[in-house]
Amino acid sequence: MIYLNIKQRLIPFFSNKDSCFNSHYCPVILPVVNVYTISFGDLKSRITTLMKSRSSNRRNFLKLGIAAGATALIASGGNVLSAISNPGNGETGEKIKVLTPEGKLVEVDKGHACCQPATNVEARQGLPDKKMVMVIDLAKCRNAKKCLEGCQKMHFLPPHMDWIKFYLLRDSPEMAPYWFPKPCLHCNNPPCVKVCPVGATFKRNDGIVLIDNERCIGCKFCMAACPYSSRVFNWEEPMIQKKLKASVYSPETGSPPRIGTVSKCDFCPDMVRKGELPSCVTSCPNGVYYYGDRNEDAVTNGTETVRFSELLESRAAYRFMEELGTEPSVYYLPAVDRAFEYQVGFEGLSDEEIALYKKEARITE
Amino acid sequence: MNEEEKSIQNLTAYKPHLETISKKGIALIGVLLLFILFGVVCLYTQVAKGHVVTGMRDNVVWGLYIVNFIFFIGISYAGALISGILHLLRVPWRTPIIRMAEMITVISTMIGPSYILLCIGRLDRLPNIALFGRIQSPIIWDVIAITTYLSGSIIFLYLAMIRDMALLRDNPVKTAKWRNPIYKFLSVRYNDTTKQKELLNVSTDLLSIVIIPLAILVHSVLAWIFGMTLRPGWHSTIFAPYFVVAAVYSGTGVLIMVMWIFRKVYHLEAQITKIHFNYLGIIMIILGALYGYFTFSEYLTSWYGSIKWDMEVLFRLFSPGEYLIEFIFAVFIGVLVPIIIVTVPKFRNINSIAFAATIAVFALWVKRYLIIIPTLESPLLPIHDLRPEYVHYSATWVEWGLTFAGIAMFILLFYLFSKFVPIIPVVRTGEEKDYSRLRKVVFEKQMKKAIKENKKGDTITTGIVILLMLVASSGAMAQDDTQVQTVLKLEYFHVDSLQSLTGTLLSRQEGRYQPLEGMEINFKLMQGGTEKSIGSALTNEKGKVAMAIPEEVLATGGDKGLYTFSASFMGKDKYGKSSGATTMKPLKMEMSFFQKEQEKMADLKAFEQDKDGKWVPVEGLEVQFYVPRTFSLLKVGKGKISGGAASLEFPTHIPGNALGYLTLMAKVEDNEVYGNVEVSGTINWGKPLPPVKVIKRGLGDTDAPLWMVYTLIVLLSLVWFHYMYVIYTVFRIRHLGKQ
Numbered sequence: 000m001i002y003l004n005i006k007q008r009l010i011p012f013f014s015n016k017d018s019c020f021n022s023h024y025c026p027v028i029l030p031v032v033n034v035y036t037i038s039f040g041d042l043k044s045r046i047t048t049l050m051k052s053r054s055s056n057r058r059n060f061l062k063l064g065i066a067a068g069a070t071a072l073i074a075s076g077g078n079v080l081s082a083i084s085n086p087g088n089g090e091t092g093e094k095i096k097v098l099t100p101e102g103k104l105v106e107v108d109k110g111h112a113c114c115q116p117a118t119n120v121e122a123r124q125g126l127p128d129k130k131m132v133m134v135i136d137l138a139k140c141r142n143a144k145k146c147l148e149g150c151q152k153m154h155f156l157p158p159h160m161d162w163i164k165f166y167l168l169r170d171s172p173e174m175a176p177y178w179f180p181k182p183c184l185h186c187n188n189p190p191c192v193k194v195c196p197v198g199a200t201f202k203r204n205d206g207i208v209l210i211d212n213e214r215c216i217g218c219k220f221c222m223a224a225c226p227y228s229s230r231v232f233n234w235e236e237p238m239i240q241k242k243l244k245a246s247v248y249s250p251e252t253g254s255p256p257r258i259g260t261v262s263k264c265d266f267c268p269d270m271v272r273k274g275e276l277p278s279c280v281t282s283c284p285n286g287v288y289y290y291g292d293r294n295e296d297a298v299t300n301g302t303e304t305v306r307f308s309e310l311l312e313s314r315a316a317y318r319f320m321e322e323l324g325t326e327p328s329v330y331y332l333p334a335v336d337r338a339f340e341y342q343v344g345f346e347g348l349s350d351e352e353i354a355l356y357k358k359e360a361r362i363t364e
Numbered sequence: 000m001n002e003e004e005k006s007i008q009n010l011t012a013y014k015p016h017l018e019t020i021s022k023k024g025i026a027l028i029g030v031l032l033l034f035i036l037f038g039v040v041c042l043y044t045q046v047a048k049g050h051v052v053t054g055m056r057d058n059v060v061w062g063l064y065i066v067n068f069i070f071f072i073g074i075s076y077a078g079a080l081i082s083g084i085l086h087l088l089r090v091p092w093r094t095p096i097i098r099m100a101e102m103i104t105v106i107s108t109m110i111g112p113s114y115i116l117l118c119i120g121r122l123d124r125l126p127n128i129a130l131f132g133r134i135q136s137p138i139i140w141d142v143i144a145i146t147t148y149l150s151g152s153i154i155f156l157y158l159a160m161i162r163d164m165a166l167l168r169d170n171p172v173k174t175a176k177w178r179n180p181i182y183k184f185l186s187v188r189y190n191d192t193t194k195q196k197e198l199l200n201v202s203t204d205l206l207s208i209v210i211i212p213l214a215i216l217v218h219s220v221l222a223w224i225f226g227m228t229l230r231p232g233w234h235s236t237i238f239a240p241y242f243v244v245a246a247v248y249s250g251t252g253v254l255i256m257v258m259w260i261f262r263k264v265y266h267l268e269a270q271i272t273k274i275h276f277n278y279l280g281i282i283m284i285i286l287g288a289l290y291g292y293f294t295f296s297e298y299l300t301s302w303y304g305s306i307k308w309d310m311e312v313l314f315r316l317f318s319p320g321e322y323l324i325e326f327i328f329a330v331f332i333g334v335l336v337p338i339i340i341v342t343v344p345k346f347r348n349i350n351s352i353a354f355a356a357t358i359a360v361f362a363l364w365v366k367r368y369l370i371i372i373p374t375l376e377s378p379l380l381p382i383h384d385l386r387p388e389y390v391h392y393s394a395t396w397v398e399w400g401l402t403f404a405g406i407a408m409f410i411l412l413f414y415l416f417s418k419f420v421p422i423i424p425v426v427r428t429g430e431e432k433d434y435s436r437l438r439k440v441v442f443e444k445q446m447k448k449a450i451k452e453n454k455k456g457d458t459i460t461t462g463i464v465i466l467l468m469l470v471a472s473s474g475a476m477a478q479d480d481t482q483v484q485t486v487l488k489l490e491y492f493h494v495d496s497l498q499s500l501t502g503t504l505l506s507r508q509e510g511r512y513q514p515l516e517g518m519e520i521n522f523k524l525m526q527g528g529t530e531k532s533i534g535s536a537l538t539n540e541k542g543k544v545a546m547a548i549p550e551e552v553l554a555t556g557g558d559k560g561l562y563t564f565s566a567s568f569m570g571k572d573k574y575g576k577s578s579g580a581t582t583m584k585p586l587k588m589e590m591s592f593f594q595k596e597q598e599k600m601a602d603l604k605a606f607e608q609d610k611d612g613k614w615v616p617v618e619g620l621e622v623q624f625y626v627p628r629t630f631s632l633l634k635v636g637k638g639k640i641s642g643g644a645a646s647l648e649f650p651t652h653i654p655g656n657a658l659g660y661l662t663l664m665a666k667v668e669d670n671e672v673y674g675n676v677e678v679s680g681t682i683n684w685g686k687p688l689p690p691v692k693v694i695k696r697g698l699g700d701t702d703a704p705l706w707m708v709y710t711l712i713v714l715l716s717l718v719w720f721h722y723m724y725v726i727y728t729v730f731r732i733r734h735l736g737k738q
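Residue numbers (numbering that gives the first Met the number 0), protein chains in the order written: chain A, 0 to 364; chain B, 0 to 738.
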């Protein structure tokens, strides 16, 4: 029998208002380190080393809201920042208390704090041991487009730049129409990544397909190659706030946007680093989007957390246009026992748009 | 008459064209420069404003530029294939036309790729292609193929020119004499000795052998840019040969057009005869028939298979409202009319063959348009956009301007080149004729002027500058005198060994709750009517604030084991004050793991303080078990504590980390007595993560598959080895000339 007494060390997150535009631009980078106190003395160092080499599956990252005990830390922010460059080794032995997203106070090592967007190298590698997946429950979607609203707000997108697109699909005229929200599907065999001449778009270890807008030459080959029309182009100088324009670019946030380059839904890797859900997931009023790590076998829509494998199994999930061999990371749950009539989705739309949707779905009445 | 005499005679026939320029010629240069100037304006507009000035949008990402790109690369085939094959087959009538064919190749291979540059959003980042180029991308194939092809074409053109250069060196031009040293330099001391002749012939043969497969590869690569995508109408295995055939077809057409024009303008009726038009016409219609056959095969296959997306593209092509007229022109007229004209002897003459060629060239341009635009307008998912420009492509004046500028540039380069080098090879023009019309008018000044003007062209700039409007968000907020209600919620958390209080401060305005940031909250312990301050802290942007409860506070024993805490907000600015309180009883939980035979169990023990401050087991408390995941907690079970203990079968089917370490968490949530208490433990009983499969050298990776690297190295070294050998031969010819 093995008995372990484990203390978790978690990563705090600083929101340094002076150097960051807002918290969205200050993602946490560090992987978590578990320190094990084990009753078998000599095993300890071995396991610790092993565990250090792999980051744990524990809820890794915390959002920082500092209590009184940690106010001193804010003052010494400079030291904390310098500790970032050395993730995993920045332990100072000194404990600080940080607030988790759920509002709980926990103790962490002072060394594990940062306020820098992910560097290009980090952004290209991806989060270790993760495989991000999304499950979209078509039975609950009513085309409210709140996900897009949240997405555009979070990524500072101009009104017509849609990273999520909405279709009213009907597979054949005898069948029922259903609403179909479509972010980037983050394919495991991405046609867009294959054709990029400069490696500006890339597939990360964690399954996310990102774009480096500072490398992209704007040849649009990826847009032609994407069978899902997921990519959009910055045709003109993006209208953005001065402050955002001056912020540090990271492929993980895709902002500030760059003219003449391609952008698309990025699965919010900066939020994942913080242990927070993407904006589309949290903005959806109906809990349509489930997001999570396939390696953890769990996805959540913000209110309920379910096992990924069970959800796919019980709801007979499918991937869109599987026959193309792109192996998307986004799974769809069929629109069975729908929560809304499809007509509900026409609410608030212009007559012109309703007509277009009806034409696409071949609805004649 | 021996060969040398023939050559001299040919030179005397052509030399006036090298030495003079007509008024019409100057007018032509002027008009072409105007077109090019307008192209510069267009380019400036596009660079200044971005690609928004073009008709390209998110769906139709490529437009006229790519059409022109394919078109120009297509006509470059004339030189490579026609002159290469005719040379290798020693076709006797080839000589007067191969110079033109090679010039078409060189000039169009220079102009074609500039259209790809126009299509690129960030021209300033072109060095990235060299810095980060991935050879998995067909664009990189194209870059490599076209540069190799252009180099080869230039060498080929030059090899065929050496003899003429030598002749011009021996018979210097009398106007614009600065050209004479250039002729001398380019002639590499060629004196037509047996050895030099042999070297030149061998290298020309060698290069024509290399250039033919290379040309086929270049256009295949171009077709693969489209064929490698999953688009209906593009994703077709027939595309590479189809593009090659279409390219040679249009290349031959352009060659016939060029022949006709130069024959008329330079009065080369003696050299370029009806035989040339007839033979080339026949080659052209054979290619035209092949092109028609490929087209038929392509559309028949996709129509018969009738895959949904293919049908959408076909529907577009066959709809009268969309592309039917263009389709009929590109496919029926573009094939049938040339065939009828060339095959029916009654219709066949020099002018009609030139007309047939013109039809073919235009049809092929339209065909390229039909390959690009309708496919991009039919993505797999419908284009759901209310903006018409996002649904249908229509080229803007910028794109048309640059298209015409490219054509003008083609003509201009051709014209200037024909003033520098004989447009027909003067040495060994395989035909014998007398030339009576020798013109010896000198227009030296005019010619110099024309060349000068050509250089001035690009100094003109336009003044269109678009200033960006930055959206300034005004922070003006209406002053409100009425106080805003606030709500402060206080919760107690006990995580592992750390006990804390968490407050959430919200403002309540018009029934909506908003978090308040940066507000000071005071925490107190209430004990028997007295208050004891614990500390104060500021709320974060979510309105949350937390405070650790010091050990000594909890050591006091509380009020019969019960502790009451309060948090208060004193109010700030317009926000009113509020407070919250919570009462709780300390709960101590411990988690341990044990294995009994095959069963792996998690054991939970819970104790509370009795009135005397002694820790006693808890009875009948609901507890939830979770596994922490990245974003949230995954529920794995629940239990009831009886006799101070509860147990749970360890969820071994849940993935842990690579070693199988999995954290299990037991939680008491929002309990009236105990607040929120959680305890967790980790053990390697979870499902270990499968080892990460590292796939390197895939199509999507930074490094290319090895076979691709090897193929590229082998192909490139083969081709460049021949180039190098040919260049070496040129140096040898030069060396031999010294003796």
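The beta carbon of each residue, even a glycine, is placed where N, CA and C say it ideally should be.
Among the CB atoms of chain A, one or more fall inside 7 Å of the CB of F131 (chain B). Within chain B, not a single residue places a beta-carbon under 9 Å from that of Y341 (chain A); the smallest gap is close to 15 Å. With respect to chain A, the C-beta atom of N9 (chain B) has no partner C-beta closer than 7 Å.
Within the region 123-142 of chain A, the residues whose Cβ lies closer than 8 Å to some Cβ of chain B are D128 and K129, listed in chain order. The Cβ of V120 (chain A) sits no closer than 7 Å to any Cβ of chain B. Remark: C-beta atoms of K488 (chain B) and P514 (chain B) do not approach each other more closely than 7 Å.
For Y330 (chain A), the enclosing beta strand (DSSP E) covers residues V329 to L332. Along the region 202-216 of chain A, the positions whose C-beta sits under 8 Å from a C-beta of chain B are K202, N204, R214, C215 and I216, read in chain order. Annotated three-state conformation of Q195 (chain B) is helix, per DSSP.
With the criterion set as a beta carbon lying under 7 Å from some beta carbon of chain A, the members of the region 121-148 of chain B are R121, R124, L125, N127, I128, F131, G132, R133, Q135, S136, P137, I138 and I139, in sequence order. N350 (chain B) counts as exposed, since fewer than 16 other beta carbons sit within 10 angstroms of its beta carbon. For A601 (chain B), the uninterrupted beta strand (DSSP E) segment begins and ends at E598 to Q608.
DSSP, reduced to helix, strand and coil, places E213 (chain A) outside both helices and strands of the structure shown, so it counts as coil. In the same chain as M569 (chain B), and ignoring 5 residues on each side of it, the C-beta atoms closer than 6 Å to its own belong to K576, in chain order. Here the alpha carbons of A329 (chain B) and Q738 (chain B) stand approximately 58 Å from one another. CA-to-CA, the gap between F354 (chain B) and A245 (chain B) works out to about 18 Å.
The Cβ atoms of E311 (chain B) and S377 (chain B) lie closer than 7 Å to each other. Here Y322 (chain B) is buried. Its C-beta has 16 or more other C-beta atoms within 10 Å. I422 (chain B): not part of any alpha helix (DSSP H); DSSP gives it neither H nor E. Excluding five sequence positions before and after H275 (chain B), the CB atoms of its chain that fall closer than 7 Å to its own CB belong to W92, P95, I96 and M258, given in chain order.
Interface residue (Cβ-Cβ distance to chain A less than 7 Å): P231 (chain B) is not classified as such. Taking a Cβ-Cβ threshold of 8 Å, none of the residues of chain B is close to Y248 (chain A); the smallest such distance is about 14 Å. Contact annotation for N58 (chain B) against chain A: S228 [CB-CB distance below 8 Å, chain order]. Listed along chain A are K164, F165, Y166, L355, Y356 and E359, each with a C-beta nearer than 8 Å to that of H383 (chain B).
Boundaries cannot be given for E321 (chain B), as no beta strand (DSSP E) includes it and DSSP labels it neither H nor E. Burial state of G579 (chain B) is buried, judged by a 10 Å Cβ sphere holding 16 or more other Cβ atoms.
Beyond the five residues adjoining it in sequence on each side, I732 (chain B) comes within less than 8 Å, by CB distance, of I161, V187, R188, Y189, Q195, L198 and L199 in the same chain, given in chain order. The beta carbons of C218 (chain A) and T200 (chain A) sit no closer together than 7 Å.
Within the same chain, N212, C215, G217 and N233 come within 6 Å of T260 (chain A) by CB-CB distance, once the 5 residues on both sides are set aside.
Around the beta carbon of Y292 (chain B), fewer than 16 other beta carbons sit within 10 angstroms, so the residue counts as exposed.
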